[in-house]
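Enquirer: Residue numbers (the UniProt record's numbering): 1 to 261.
Glycine included, every Cβ here is placed at the ideal spot set by N, Cα and C.
All values derive from a computational prediction rather than experimental measurement.
(1) Confirm, please, whether the CB-CB distance from residue 103 to residue 143 is below 8 Å.
(2) Taking 8 Å as the CB-CB limit, is residue 15 close to chain B?
(3) Going straight from the alpha carbon of residue 243 to that of residue 81, what length do you get?
(4) In this structure, does DSSP put residue 249 in helix, strand or coil?
(5) What is the DSSP secondary structure of residue 206, reduced to helix, strand or coil?
(6) Out of 118, 202 and 249, which has the shortest C-alpha to C-alpha gap to residue 157?
(7) Report the rounded CA-to-CA distance for residue 186 versus residue 211, giving the unit in angstroms.
(8) Does DSSP put residue 108 in a helix, a strand or coil?
(9) From residue 138 to residue 147, what distance separates their C-alpha atoms?
(10) Here's the rule I'm using: 16 or more other beta-carbon atoms within 10 Å means buried, otherwise exposed. How should residue 59 be labelled?
(11) From the DSSP output, in three-state form, read off residue 138 for me.
(12) Does the Cβ of residue 261 have 16 or more other Cβ atoms within 10 Å, making it buried, or fewer, making it exposed?
(13) Quick check on DSSP: helix, strand or coil for residue 200?
(14) Give the DSSP-derived three-state secondary structure of residue 231 in the structure shown.
(15) Ordered along the chain, which non-local residues of its own chain (more than five positions away) have a Cβ less than 6 Å from that of residue 55?
(16) Check whether the Cβ atoms of residue 265 and residue 94 lie closer than 8 Å to each other.
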């Protein structure tokens, strides 16, 4: 599929596929199904849903078609499998920018990246985790949140793999990033508590969301990343810190009525 000539026709088909008119919708869906096995189709979809100037519904649909294509065509042994060259390009494009402005689309992109990670990380995609870790350290609020959201979905997906070799790989990952994940959770928790005391509602809510995402990452790492978590000093330190934080959260509850007035 030639990228220059394909983008406009794929965009048109996606636009028609969002129509409420079945006479327009059905032919567009059929055309998109025919393109699913064409080389370059998913590269076009990537460019479309990364274009923030396009209609939200069209971009949403592009993400869904891409996500469904991972299940059908990403594995090497799948009929009409994507080429290794295109997959390399797609992986690079997926982690270029964590700046999606629409929450629902950002979540779908995070899930999409996690689906690819389940098949390719760490062997074919060794740069994914380092890029995510670097991005969550950033000072740009949107980029930080989207990277952290993706980090959670990737961790959740990798933790769900049950083959012995995959479990060992996840344990290696957990041991390598656990300290960082703990410091990330502690940082966002501190920010939340400070902002609550300062009565900065908007900032507190943003920090609380990051605190929750960090905590979800740690839950997956703690439960699935260690054979004997009770024997690990870092894990036990985190669990002890949770109870200490609970006391602080209960203490700051007295500020919550101020947010409701």
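Expert: By the coordinates alone:
(1) Taking the chain shown and counting its residues from 1, one reaches residue 143 at position 143. Taking the chain shown and counting its residues from 1, one reaches residue 103 at position 103. Contact: no.
(2) Annotation note: the requested chain B is absent from the structure, which comprises a single protein chain.
(3) Position 243 of the chain shown, counted from the first residue, corresponds to residue 243. Position 81 of the chain shown, counted from the first residue, corresponds to residue 81. In a straight line, the C-alpha of residue 243 is about 49 Å away from that of residue 81.
(4) Within the chain shown, the letter at position 249 stands for residue 249. Three-state result, residue 249: helix.
(5) Here residue 206 is taken as the residue at index 206 of the chain shown, counted from 1. In this structure, residue 206 counts as helix in the three-state DSSP scheme.
(6) As a first step, residue 157 is located in the chain shown; it is residue number 157 there, counting from the start. Measuring from the Cα of residue 157, the nearest candidate turns out to be 118.
(7) Here residue 186 is taken as the residue at index 186 of the chain shown, counted from 1. Here residue 211 is taken as the residue at index 211 of the chain shown, counted from 1. Approximately 8 Å between the Cα atoms of the pair.
(8) Taking the first residue of the chain shown as position 1, residue 108 is located at position 108. Here residue 108 sits in helix by DSSP.
(9) Along the chain shown, read from residue 1 onward, the residue named residue 138 stands at position 138. Along the chain shown, read from residue 1 onward, the residue named residue 147 stands at position 147. Their backbone Cα atoms lie some 9 Å apart in a straight line.
(10) Position 59 of the chain shown, counted from the first residue, corresponds to residue 59. Result: buried.
(11) Counting from 1 along the chain shown, the entry for residue 138 is found at position 138. In the structure shown, residue 138 sits in coil (DSSP, three-state: anything other than H, G, I, E or B).
(12) Residue 261 sits at position 261 when you count from the first residue of the chain shown. Model confidence at residue 261 stands at a pLDDT of 47, short of 50, so the residue's coordinates are unreliable; what they give is reported in the following sentence. Exposed.
(13) By one-based count along the chain shown, residue 200 stands at place 200. Residue 200 falls in the coil class under three-state DSSP.
(14) Within the chain shown, the letter at position 231 stands for residue 231. Correct three-state label for residue 231: helix.
(15) Within the chain shown, the letter at position 55 stands for residue 55. Closer than 6 Å at Cβ, skipping near neighbours: no residue.
(16) The requested residue 265 is not part of the displayed model; the chain covers only 1 to 261.
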